[in-house]
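**Q** Residue numbering for the sequence shown follows the numbering used here, beginning at 5 and increasing consecutively.
Just passing along the structure, written as structure tokens.
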Amino acid sequence: MKPVERFFRKYFLSMVGIIALFLLLNVVLLFSVLIWAWQTSEVPEISISKICDSITLDGTGHLTAAGALDEILEEHHAWAMILDDTGTVIFQSKLPEELPRQYTAADVAKFSRWYLGDYPVYVQEHPQGLLVVGGEKGSQAKYYFSVSESYARKLLVGLAAVFLTNIIVVVLLIWKNTRHVEKAVTPILRGIETVSSGQPVSLPEKGELAEINRQLNKAGAFIAKKDSARADWISGVSHDVRTPLSVILGFAGQLEDDQTLPISAREQASYIRRQGEKLRSLISDLNLTSRLEYAMQPLRLEKVYPVELARQVVCEFLDGGLEERYEIEFSADQESEPVTIPGDEALLKRALGNLIQNSIVHNPQGCRISVSVLCGGTSIMVEVADDGAGVSSEKLEELTAGGHRLESTDEKLNLRHGLGVLLVWQIMEAHKGTVTMESEPQKGFKTALAFPVSNF
5 MKPVERFFRK YFLSMVGIIA LFLLLNVVLL FSVLIWAWQT SEVPEISISK ICDSITLDGT
65 GHLTAAGALD EILEEHHAWA MILDDTGTVI FQSKLPEELP RQYTAADVAK FSRWYLGDYP
125 VYVQEHPQGL LVVGGEKGSQ AKYYFSVSES YARKLLVGLA AVFLTNIIVV VLLIWKNTRH
185 VEKAVTPILR GIETVSSGQP VSLPEKGELA EINRQLNKAG AFIAKKDSAR ADWISGVSHD
245 VRTPLSVILG FAGQLEDDQT LPISAREQAS YIRRQGEKLR SLISDLNLTS RLEYAMQPLR
305 LEKVYPVELA RQVVCEFLDG GLEERYEIEF SADQESEPVT IPGDEALLKR ALGNLIQNSI
365 VHNPQGCRIS VSVLCGGTSI MVEVADDGAG VSSEKLEELT AGGHRLESTD EKLNLRHGLG
425 VLLVWQIMEA HKGTVTMESE PQKGFKTALA FPVSNF
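Next comes the structure, spelled out in structure tokens:
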């Protein structure tokens, strides 16, 4: 999934999550309010069953109340009475004077669900009749209503439908808003990706984010102009230096071969020639890395055999007069012999040669260098290792860090990692390969170049 699509998917899901969290929070708050209101109620609920159990018949057949009845009624500011089958009060406790002592069946039917006078009442069957318990005026709110079962079912279905409709509408609004934001922001995100890759960008300077688009276009144009100027400068310097350097190398070579000159003069000419060749190699590397960085070096892809390529590079070093303090060993497993990869043979030789040359340059006391080719199924790996001085963990972190570009210079304006390593990274990036480096002080240095195997 592309970064832009991943960004907006996360944005949409986060908005849906916010709505879900909002609904959950409201449910929690609702139940919290209900629990709070119930626990902080000033008038506790009257226990009708306790009152009913406290009224019993004595030995003479009269109704009497236990001592706990008065305490319960006093605590709730309540009263109690029992009616017989004719509606006559046969027992009372703290019954208000204004209430009648005789009730018809209609009266009982009315107050059993609502109020008796202004007193909220509760009824319960007693062995001797009907127990009526009344509370203090205004202490309780009693409501009664009834609906048909069909109506109740339809009401619940309707409420559920309304709730789901609201959820769907909210999600659709979020989706629409996300699409609106995506339409406005996607060009900017893609523009940033384009600028980060060093390519020019041209965004439409209109809409709500026109100013951002304008500034991004300006930044892209500035970066492209800066990169072009730097590439032109490097190319110009390389061209201008090449001619006088050729003259210097030519005369230095003649002086080195002139047998009539003193030995000291010929040695000085030889030193000038060697340093001039290093300078010419440095200029060549600088020009190549600049062209690779700005994609001005087209790859000449062909079928390359990594084993044969590595063998040729090793032979070139051995045939080039390698000093005795250096040893180069080559090995390859049988599986890697027939494997081919698409690549630019000249650039791949350059990368492998740079790694071997680094082992030589950074180990002036001498070392053993091994070059091996290993096949791993979906990839083939070329390893260059030495048993020399190695590097510290800090230096290794520098070498393996991303962003190997020409601007990586130190306070002396020297390339921090060296053009050799920089070229290796750039060549491997151009071939869709990976670079892995391992090293410890005094335990050598190993670099592994991994290439994906594909039919070519």
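Just so it is clear, CB atoms sit at the ideal spot from N, CA and C, and this is done for glycine as well.
A quick note: this is a predicted structure, and the numbers were derived from the prediction, not measured.
(1) I'd like to check one pair, Leu67 with Gln132: are the Cβ atoms closer than 8 Å?
(2) Our contact map puts Tyr107 next to Gly121 with C-beta atoms below 8 Å; I'd like the distance itself, whole angstroms only.
(3) Just verifying my parser: in three-state terms, what is the DSSP assignment at Trp118?
(4) At what residues does the alpha helix (DSSP H) containing His130 begin and finish?
(5) May I ask you to report which of helix, strand or coil DSSP gives Leu135?
(6) Determine contact between the segment 15 to 33 and the segment 174 to 183, defined as no fewer than three beta-carbon pairs at a distance below 8 Å.
(7) Run through DSSP, which three-state label would Pro248 get?
(8) Measuring straight from C-alpha to C-alpha, what distance separates Ser376 and Glu260?
(9) What number of angstroms, rounded off, separates the C-alpha of Ser412 from the C-alpha of Glu401?
(10) On the criterion of 16 or more Cβ atoms from any shown chain inside 10 Å, does Trp40 qualify as buried, or is it exposed?
(11) Considering only residues of the segment 331 to 370, which uninterrupted beta strand (DSSP E) runs meet the minimum length of 3 residues and lie entirely inside it, listed in chain order?
(12) Identify whether Met5 lies in helix, strand or coil by the three-state DSSP scheme.
(13) Is Ser58 closer than 8 Å to Leu73 when the C-beta atoms are compared?
(14) Quick one: grab the DSSP three-state call for Lys450.
(15) Take the Cβ of Thr451 as the centre, count every other Cβ of all protein chains shown within 10 Å, and call the residue buried at 16 or more, exposed below.
(16) Measuring alpha carbon to alpha carbon, tell me which residue in Thr440, Leu220, Val386 is nearest Val457.
(17) Let me check understanding here. Comparing Cα to Cα, which of Leu292, Val136, Thr64 lies closest to Ser116?
(18) Could you tell me the distance, in whole angstroms, from the CA atom of Leu220 to the CA atom of Ile196?
(19) Can you tell me whether DSSP reads Met85 as helix, strand or coil?
(20) Using the beta-carbon count (16 or more within 10 Å), is Gln446 buried or exposed?
(21) Under three-state DSSP, which class holds Tyr13?
(22) According to DSSP, which residues form a beta bridge with Pro456?
(23) Here's the rule: buried if 16 or more other CB atoms are within 10 angstroms of the residue's CB, otherwise exposed. What is Pro124?
(24) How would you write the range of the beta strand (DSSP E) that Glu442 sits in, first residue to last?
(25) Ala336: which of Lys353, Val317, Pro310 sits nearest, CA to CA?
(26) Starting from Glu78 and walking both ways along the beta strand (DSSP E), at which residues does that stretch end?
**A** Well, looking at it:
(1) yes
(2) So it is not a contact: roughly 12 Å between Cβ atoms.
(3) coil
(4) His130 -> not in any alpha helix (DSSP H); beta strand (DSSP E) instead, spanning 123 to 130.
(5) strand
(6) yes
(7) helix
(8) 38 Å
(9) Because Ser412 carries a pLDDT of 41, less than 50, the predicted location of this residue cannot be relied on, and the following value inherits that uncertainty. Taking the straight line from one Cα to the other gives about 14 Å.
(10) exposed
(11) 345 to 347
(12) A caution first: Met5 carries a pLDDT of 47, below 50, which makes its placement in the model too unreliable to give a value.
(13) yes
(14) strand
(15) buried
(16) Val386
(17) Val136
(18) 8 Å
(19) strand
(20) exposed
(21) At residue 13 the sequence reads Arg, which differs from the Tyr that was named. Correct three-state label for Arg13: helix.
(22) Ser383
(23) buried
(24) 438 to 443
(25) Pro310
(26) Taken as a continuous stretch (DSSP letters only), Glu78 belongs to no beta strand (DSSP E), being part of the alpha helix (DSSP H) at 71 to 80.
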